[in-house]
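Residues 463 to 739, numbered by UniProt numbering, are exactly what the sequence shown covers, in order.
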Amino acid sequence: AKEAGRNGVALFETGMLAEAERKLTLETDLAAALENGELSMHLQLQVDHDQAPVGAELLMRWRRADGSMVPPDVFIPAAEASGLIVHLGQWALRQACLCWLRLDAAGHAMPLSVNVSPLQFRQPDFVEQVELVLRETGAPASQLIFEVTEGLLVDDLNQTIARMHQLAQLGIRFSIDDFGTGYSNLAYLKKMPLYELKIDKSFIRDTPNDVNGTAIVQSILAMADHLGLRVVAEGVETAQQASFLSANRHPTMQGYLFSRPAPLEELIRKLDEPVRT
Ligand code: C2E
Ligand code: CA
Ligand code: CA
Ligand code: CA
């Protein structure tokens, strides 16, 4: 790539070339990162209106050998573009199972949410892969929540729904992540075996001061109630946001106000602490 860089300057904008090289390096490095143990999972607690923990979401982290962190917003899209997300997603699912078993052993069993990319979900053998991981680890399917995005809905909705039913049959529950940001036709909500909606943090950020943002959140909460779906409000950062939510159908909350994503050992230590009053 270095050679091409030197010879290609006449043909390419140097900026473009640098950008292409950077992308390629990122993808190659990411493929190696998994083998080299540079990837890990952090967990972020979800709490109810009494601030009691009710679950946690697994979030992938990439620490390079030199100690620098690559943000998921950078490497997840790269992994999606290269297809590597399928492999990473399988690894993430296994980590979720292993984390659940360790939490259970520590006396803190709770449902764990794991992000599933559309590409991973659409793999022909996805259901078999899920069954395999469950069998190999012995983790209960009923303790896993798959967070999928509205990006899953853009093509072959019937196939998607059929597959969700297969997984639901195993006991897996489903959450629509970043709800409200991706898709305007809500008909799918009635057809899917859904458990939960996750209100995107961009909406929560606007509560309670912005009138329109607040109205959107209230509408989502009311709709979810009618549909019998649990709601998780993501990105709760302030006490004002928390008390607004507590006064409005008190959805489950997730955000820096309650807990930052942290390694499992740290989470267990936190859960072991006596409850403050
Ligand atoms: P997401 O699934 O919407 O996850 C929520 C993001 O919000 C996480 O960012 C989390 O750290 C962050 N967050 C939590 N509380 C707060 C808060 O109070 N304020 C703010 N400003 N942010 C908060 P993170 O960990 O950087 O992950 C970014 C995205 O990368 C995730 O968004 C998800 O789409 C993707 N991602 C992360 N891990 C995985 C994974 O294992 N598989 C897949 N497919 N995607 C993943
Ligand atoms: Ca998520
Ligand atoms: Ca989100
Ligand atoms: Ca997301």
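Where is the CB? At the ideal position from N, CA and C, for every residue including glycine.
Got a sec, what are the start and stop residues for the alpha helix (DSSP H) residue i sits in?
i    : result
P515 : Element bounds for P515: not the alpha helix (DSSP H) but the beta strand (DSSP E), 515-525.
N620 : 619-632
D587 : No alpha helix (DSSP H) holds D587; DSSP gives it neither H nor E.
E658 : Element bounds for E658: not the alpha helix (DSSP H) but the beta strand (DSSP E), 658-661.
R484 : 476-497
R711 : Element bounds for R711: n/a, residue is neither H nor E.
D668 : Premise fails: D668 is in no alpha helix (DSSP H) and is neither H nor E.
A558 : 547-567
L581 : 580-583
L651 : 650-653
By Cβ distance, which residues of its chain are closer than 6 Å to residue i, with the 5 residues on each side in sequence left out?
i    : result
L733 : H570
V509 : P515, M715, F720
E489 : A540, S544
M572 : G517
D617 : none
M537 : Note on identity: in this sequence residue 537 is Phe, with Met being the wrong assignment. Only L492, W524 meet the Cβ criterion.
E465 : Low per-residue confidence applies at E465: pLDDT is 49, beneath 50, and the placement is therefore not dependable, though the value from the model is reported in the following sentence. Taken in chain order, the list of residues that qualify is empty.
Which two residues bound the contiguous beta strand (DSSP E) that contains residue i?
i           : result
F608        : 606-611
residue 435 : No answer is possible for residue 435: the residues shown for the chain start at 463 and end at 739.
D510        : First-last for D510: undefined, no H or E at that position.
Could you tell me which residues DSSP pairs with residue i in its beta bridges?
i    : result
E696 : Q716
A724 : L505
M531 : R525
D639 : T611
How many whole angstroms separate the CB atoms of residue i and residue j, which I take to be in contact at a CB cut-off of 8 Å?
i           : j    : result
L505        : L520 : 6 Å
L726        : R564 : 6 Å
Q582        : I547 : 6 Å
A541        : L550 : 5 Å
G613        : P580 : 5 Å
E609        : N647 : Contact flag wrong, Cβ pair sits at about 20 Å.
Y650        : L629 : Not confirmed; about 16 Å, so no contact.
I623        : K653 : 5 Å
H688        : P655 : 17 Å between Cβ atoms; not a contact.
A568        : I730 : 5 Å
Y657        : L691 : 7 Å
residue 457 : P670 : The question about residue 457 has no answer, for the chain in this structure spans 463 to 739.
R625        : F588 : 7 Å
Quick one: what's got a C-beta closer than 7 Å to residue i's C-beta in the same chain, skipping five residues either side?
i    : result
A463 : Per-residue confidence for A463 stands at a pLDDT of 44, beneath the threshold of 50, marking its modelled position as unreliable; the derived number appears in the next sentence. Excluding positions up to five away in sequence, the list reads E483, L486.
G477 : none
S604 : G633
A686 : L659, V693
P713 : L683, V693, V694, A695, L707
D662 : D640, F641, G642, T643, E696
V532 : W524, R526
R667 : G697
G717 : E696, G697, V698, E699
A601 : C559, W562, L563
A724 : H504, L505
H511 : S708, H712
Would you check whether ligand 6 has a heavy atom nearer than 6 Å to the C-beta of residue i?
i    : result
G717 : Ligand 6 is absent from the structure shown, which contains only ligand 1, ligand 2, ligand 3 and ligand 4.
Starting from the C-beta of residue i, find all residues in its chain whose C-beta is less than 8 Å away, skip the five residues before and the five after it, and write them out in chain order.
i           : result
P534        : L521, M522, R523, W524
L574        : L505, G517, A518, E519, L520, A558, C561, W562, L565, Q605, L606, I607
N710        : V679, Q680, L683
Q552        : Q582, Q591, V595
Q585        : V548, Q591
T700        : L719
E593        : L632
residue 743 : In this structure the chain extends from 463 to 739, so residue 743 is not present and cannot be described.
N498        : A527
* Who sits around ligand 3, taking every residue whose Cβ is closer than 5 Å to one of its heavy atoms? -> Listed by chain position, these are D640, D662.
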